[in-house]
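Participant: In this note's numbering, the protein residues as written are 917 to 1101.
Note that beta-carbon positions come from the ideal geometry of N, C-alpha and C, so glycine has one too.
First the structure, then my questions, so here it is.
Shown next as structure tokens:
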């Protein structure tokens, strides 16, 4: 009984503790390699994100094998003009559901994934916490590449993509030449 309760408590907190965290800056263009951006705000390190599902912990693979999560607490405007930020996860297959959990000091439109307050040069979205939890169907779990898309950070007024961060979920050998971005907290 004690083991069951312990595993239940671990499982309840596991998703949050194994999220891959990363920084976002606009405008950054297409983030194809690790980079440090400098501008109106603090220096921001960004890189493509590759998550090898075979490198996760044993308990994560046992208790939540079909969930993978990403998170950011940092969106900075390093540009020279205010921008209303819209977010989009590109190339998500229709059978992979993604939960968006957004907390912010700016009003956020969950239907359009848009912050209603402009982000001024040098500024960041206050009190930000965004978690994306991917629900991966079992039949994807043996594929070498499960997800190959990315996060688009868009100017909501013009539709221009200001930043694109590639995101890829792979299984084992498919990631041997890839660079992993982000960090697990």
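Since residue 1016 and residue 1048 are thought to touch, with beta carbons under 8 angstroms apart, how far apart are those beta carbons, to the nearest angstrom?
Facilitator: Indexing the chain shown from 1 puts residue 1016 at position 100. Indexing the chain shown from 1 puts residue 1048 at position 132. Indeed, because the Cβ distance is near 6 angstroms, the residues count as touching under 8 angstroms.
Participant: When the Cβ atoms of the segment 983-1001 are set against those of the segment 1026-1044, are three or more pairs found closer than 8 angstroms?
Facilitator: yes
Participant: Do residue 1084 and residue 936 have their C-beta atoms within less than 8 angstroms of each other?
Facilitator: Position 168 of the chain shown, counted from the first residue, corresponds to residue 1084. Position 20 of the chain shown, counted from the first residue, corresponds to residue 936. No; because the gap between Cβ atoms is not below 8 angstroms, this pair is not in contact.
Participant: Measure from the alpha carbon of residue 1007 to the alpha carbon of each residue in 1067, 1086 and 1001, then state which is nearest.
Facilitator: As a working note, residue 1007 is residue 91 in the chain shown. The shortest C-alpha separation from residue 1007 is found at 1067.
Participant: Give me the Cα-Cα distance between residue 956 and residue 1028, rounded to the nearest whole angstrom.
Facilitator: For the purposes of this step, residue 956 is taken as residue 40 along the chain shown, with counting starting at 1. For the purposes of this step, residue 1028 is taken as residue 112 along the chain shown, with counting starting at 1. Each residue's Cα considered, the two are about 27 angstroms apart.
Participant: According to DSSP, is residue 974 part of a helix, a strand, or is it coil?
Facilitator: In the chain shown, the residue the question calls residue 974 occupies position 58. Reduced to three states, the DSSP call for residue 974 is helix.
Participant: Report buried or exposed for residue 1055, applying the criterion of at least 16 other Cβ atoms within 10 angstroms of its Cβ.
Facilitator: The residue you call residue 1055 lines up with position 139 of the chain shown. Exposed, since its Cβ has fewer than 16 Cβ neighbours within 10 Å.
Participant: Do residue 1001 and residue 1072 have their C-beta atoms closer together than 8 angstroms?
Facilitator: Start at 1 with the first residue of the chain shown, and residue 1001 comes out as number 85. Start at 1 with the first residue of the chain shown, and residue 1072 comes out as number 156. Cβ atoms of residue 1001 and residue 1072: closer than 8 angstroms.
Participant: Relative to the C-alpha of residue 941, which candidate in 1011, 1078, 1012 and 983 has its C-alpha closest?
Facilitator: As a position in the chain shown, residue 941 is number 25, starting the count at 1. If we check each option's Cα against that of residue 941, 1078 comes out closest.
Participant: Inspect the beta-carbon positions of residue 978 and residue 1086 and report whether they are closer than 8 angstroms.
Facilitator: What you label residue 978 is simply residue 62 of the chain shown in a count that begins at 1. What you label residue 1086 is simply residue 170 of the chain shown in a count that begins at 1. Cβ distance not < 8 angstroms, so residue 978 and residue 1086 don't count as in contact.
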